[in-house]
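Yeah, the sequence shown ends on 342 if you go by our numbering, and it's all consecutive.
Don't be surprised by glycine CBs; every beta carbon is placed ideally from N, CA and C.
These numbers come from a predicted model, not from an experiment.
Heads up, the thing below is written out as structure tokens.
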Amino acid sequence: MPTNVTCPSLFRASALAAALAAALLTGCASNPYPLTEIPGPESLFSTGQDNSVPEMIAVPAEPVKPVKAAKSGRASKNAKREPVAPEVQAQQLYTDGMTAQVTGDYEMMLDKLMKSAELGNASASYEMARMLSEGVLLEKDVNMAKVYLEHSAEHGNAEALRVLGWNYLLGEYGRVEMELGTDLMRTAARNSVRAQRELGMLYANIYRPHLSDLGEAEHYLSLASYGKDAEATYQLGRLKQSRGDIPGARVQFEKARELDHPKAMALVAAGQEEVSKMQGRAYYRQGMDILVKSRKSSREEARAYALVSLADDLGYYAAGKELQYLGGIKDEQDKKNPGWLDAEKASIQNEIVVQ
């Protein structure tokens, strides 16, 4: 793993590479895998549950079981109503249940969701599992929640499969089943960006239980990053950083910043500030190297003044002091071309000078 970075003596105004690379390298040399373990997901379920419910509602003891759709009645003696497909009826019941939740009618919500789940609605089964797992609106019942999760997963809900995988990994059903839990997570990851991210973090040993496979970690974090998951993109950057791939890490941190990940935003901002300091110092040094020459042309003096002025623009203190003694150069160039300084600065900023 590299221990230092050689920086250009002069930078483009937008360059972040050197400073960010230096920041990334901090602390890496002594530990080949310095990824920090963090607590697992605050909630395994995808959306929040209303925690302002005044009291619990009793849920029927029998878990969900598929039933046939009710037969439609007659609207009149002469008019027949088309039978409603079970999946349409189930979706309407689910929608009604979630609407009842918003209005605070939790008993109606529960009634609608249970009926929807019985008709095979995966989202309704998932909501029932959430309530039974969290123990806020309903008394906590892990086993009944498991039935609803399995029912939801059977009807194509990858998030339910992901939660089941987590529960087996964590031993929620009596004992830890690593192989089964991992297999379920991998299956869920085919259709769930969140499962991709969490599985990647499990393989990277960021989450417990540690699955310890950096190749798989990078694979799943990359999939989630491709799906615009900010946390996965940031963690992929950390993984690349820990493996010595500084350019790759920098790319991921930039992507995470664009996705508004707070830690990536702070890291890149720190890199930008450091780049400004390094740019200012580089501009000042280049300018002074010209000015200390015993013989220099008017063109060289103009370039030197522009370099020192750029350093001053970036807040380099010594440059501001030096400009006080270089007024003669500016006066001479102003007489030739009043717009020379802006043009010279622009020309310099478009150059790349490598040591």
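query: Alpha carbon of methionine 252 to alpha carbon of glutamate 94, nearest angstrom; result: 44 Å
query: Neighbour-count burial assignment, glutamine 183, 16 or more Cβ in a 10 Å radius; result: buried
query: Rounded distance between the beta-carbons of glycine 307 and aspartate 299, thought under 8 Å; result: 5 Å
query: Cutoff 6 Å; reference leucine 119; Cβ partners in own chain excluding five residues on either side; result: Leu125, Asp128, Met131, Ala132
query: Element boundaries [alpha helix (DSSP H), containing histidine 387]; result: The requested residue 387 is not part of the displayed model; the chain covers only -12 to 342.
query: Cβ neighbour criterion (16 or more within 10 Å) applied to alanine 236; result: buried
query: Pairwise C-alpha distance: leucine 186 and alanine 176; result: 8 Å
query: Option nearest glycine 202 by Cα separation, candidates Val163, Pro73, Ala305, Arg230; result: Arg230
query: Runs of alpha helix (DSSP H) lying entirely within the segment 120 to 204, each at least 4 residues, in chain order; result: 129 to 141, 145 to 157, 165 to 175, 180 to 190
query: Start-to-end residues for the alpha helix (DSSP H) that takes in lysine 227; result: 217 to 229
query: Burial state of histidine 142, where buried means 16 or more other Cβ atoms lie within 10 Å; result: buried
query: Alanine 104 burial status per 10 Å Cβ neighbour count (16 or more: buried); result: buried
query: Helix, strand or coil at lysine 280 [DSSP, three-state]; result: coil
query: Spatial distance of arginine 290 from serine 284 (CA atoms); result: 10 Å
query: Given aspartate 301 as reference, the closest of Gly267, Phe32, Glu146, Ser30 once Cα atoms are compared; result: Reading off the sequence shown, one finds leucine at residue 301, where the question assumed aspartate. Of the listed residues, the one whose Cα sits closest to leucine 301 is Gly267.
query: The alpha helix (DSSP H) enclosing glycine 326, as first and last residue numbers; result: Note, glycine 326: premise wrong, no alpha helix (DSSP H); not H, not E.
query: 8 Å Cβ cutoff met for alanine 191 and alanine 204; result: yes
query: DSSP three-state assignment for proline 73, whether helix, strand or coil; result: helix
query: Contact test: aspartate 128 Cβ vs the ligand PLP heavy atom, cutoff 7 Å; result: This structure lacks the ligand PLP; in fact it carries no ligand of any kind.
query: Assigned secondary structure, glutamine 266 (DSSP; H/G/I helix, E/B strand, else coil); result: helix
query: Unbroken alpha helix (DSSP H) run spanning proline 234, endpoints; result: 233 to 245
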